[in-house]
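These notes are about the structure you will find just below.
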Amino acid sequence: SIGNATVIATAYFFTRGEVDRADAVGKDEEKKQKDNNDDDDDDDDDDDDDDDFDMDAEYLHLDELPTESSGAHFFALLVFEQSVLCRHDSVLIGSRLDGATSTNSCRIAFHGRLLQEFDFVDEDERAKLKIYKPKERQGVVDRVVDDNTLIGRGLFAREADMNKFEGVRVVLESTGRVGRILGAFGKTDKFKVHFPRGWQGDSDADDDDEQQQQQQQQRKMKKNYKGKSKVRGKITLRFKKFVFALDDDRKSAIVQHNYV
Numbered sequence: 003s004i005g006n007a008t009v010i011a012t013a014y015f016f017t018r019g020e021v022d023r024a025d026a027v028g029k030d031e032e033k034k035q036k037d038n039n040d041d042d043d044d045d046d047d048d049d050d051d052d053d054d055f056d057m058d059a060e061y062l063h064l065d066e067l068p069t070e071s072s073g074a075h076f077f078a079l080l081v082f083e084q085s086v087l088c089r090h091d092s093v094l095i096g097s098r099l100d101g102a103t104s105t106n107s108c109r110i111a112f113h114g115r116l117l118q119e120f121d122f123v124d125e126d127e128r129a130k131l132k133i134y135k136p137k138e139r140q141g142v143v144d145r146v147v148d149d150n151t152l153i154g155r156g157l158f159a160r161e162a163d164m165n166k167f168e169g170v171r172v173v174l175e176s177t178g179r180v181g182r183i184l185g186a187f188g189k190t191d192k193f194k195v196h197f198p199r200g201w202q203g204d205s206d207a208d209d210d211d212e213q214q215q216q217q218q219q220q221r222k223m224k225k226n227y228k229g230k231s232k233v234r235g236k237i238t239l240r241f242k243k244f245v246f247a248l249d250d251d252r253k254s255a256i257v258q259h260n261y262v
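Take 3 as the starting number for the sequence shown in my numbering and just add one per residue.
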């Protein structure tokens with residue numbers, strides 16, 4: 003419901019992701035610091051809602067709104083079935099009118115204010131809205147080459163074009179180390195990963211017992227893998243898939259900036 007009209011609409015909910023939200027908070031703090039140092043005190047101290055939404059930012063797709071907001075800002079892209087006459091900053095109420103009328107439950111699902119109009123039909127305009135879904139693939143360690151290189155498998159299909167995965171970041175879950183894929187290994191689903199700082203993890207634990215235990219685990223892992231196909235470690239690839247990407251190439255692209 004908006005103004006005097008009640009129109010059916012499809013809602014796409016989204017919010018800033020963990021990393022993106024932290025980056026936005028940092029920018030807000032810098033802005034506040036700058037404002038505090040400004041001699042002009044005549045400006046309104048209240049933040050405008052438009053400042054919370056940035057078309058250049060990336061947003062995390064939500065299947066539904068959470069019951070608790072935890073101070074985060076949530077947005078909704080509403081695609082109306084027909085045109086609606088309304089003004090900027092209008093109050094909007096989303097309701098579920100398909101619920102049973104015999105119950106006493108509240109039908110109001112959400113409410114907010116209109117920030118800006120958006121041409122959803124235009125594919126180019128729609129692609130400007132960077133809403134993504136987090137994706138994850140997991141493979142396993144096949145063998146150890148050296149202290150900085152591992153051979154993995156099971157992360158991609160055998161027919162996959164490994165050229166577009168070269169340089170993609172992956173995480174060795176057992177140590178938390180981040181490495182980059184160098185390319186395919188052989189003609190199977192195997193691939194080679196390089197870890198600039200080594201795949202064995204840090205050995206500078208504060209506690210001596212913890213350090214010894216960590217070193218024992220690393221030696222055991224290296225012994226189990228070296229020159230063998232014994233699989234225990236997991237290699238994880240995390241990336242973003244954008245909902246409104248224009249073409250198939252971009253839809254299948256591995257996007258990882260600010261995201262591991």
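Think of the CB as a built atom: it goes at the ideal place given N, C-alpha and C, for glycine as much as any other residue.
If you're wondering where the values come from, they're calculated on a predicted model, not measured in any experiment.
- Secondary structure remark: continuous alpha helix (DSSP H) runs of at least 4 residues inside the region 91–177, in chain order: 125–129.
- Cβ neighbours of I153 within its own chain (closer than 7 Å, five residues either side excluded): D144, R145, V147, F187, K192 and K194.
- Between Y14 and H90, the gap from beta carbon to beta carbon reaches 9 Å or more.
- The beta carbon of L80 sits closer than 6 Å to those of A11 and A13, all from its chain and outside the five residues before and after it, given in chain order.
- The alpha-carbon separation between S92 and V257 amounts to approximately 35 Å.
- If you draw a 10 Å sphere on the C-beta of V9, you find fewer than 16 other C-beta atoms in it, and that means exposed.
- When C-alpha distances from E60 are compared across F122, I133, C108 and E119, the shortest belongs to I133.
- By the C-beta criterion, the region 159–169 is judged not to be in contact with the region 117–127, since fewer than 3 inter-stretch pairs fall below 8 Å.
- Around K137, the same chain offers R240, F241, K242 and K243 as residues with beta carbons nearer than 8 Å, after the five sequence neighbours per side are excluded.
- For T190, no beta strand (DSSP E) encloses it, and the DSSP letter there is neither H nor E.
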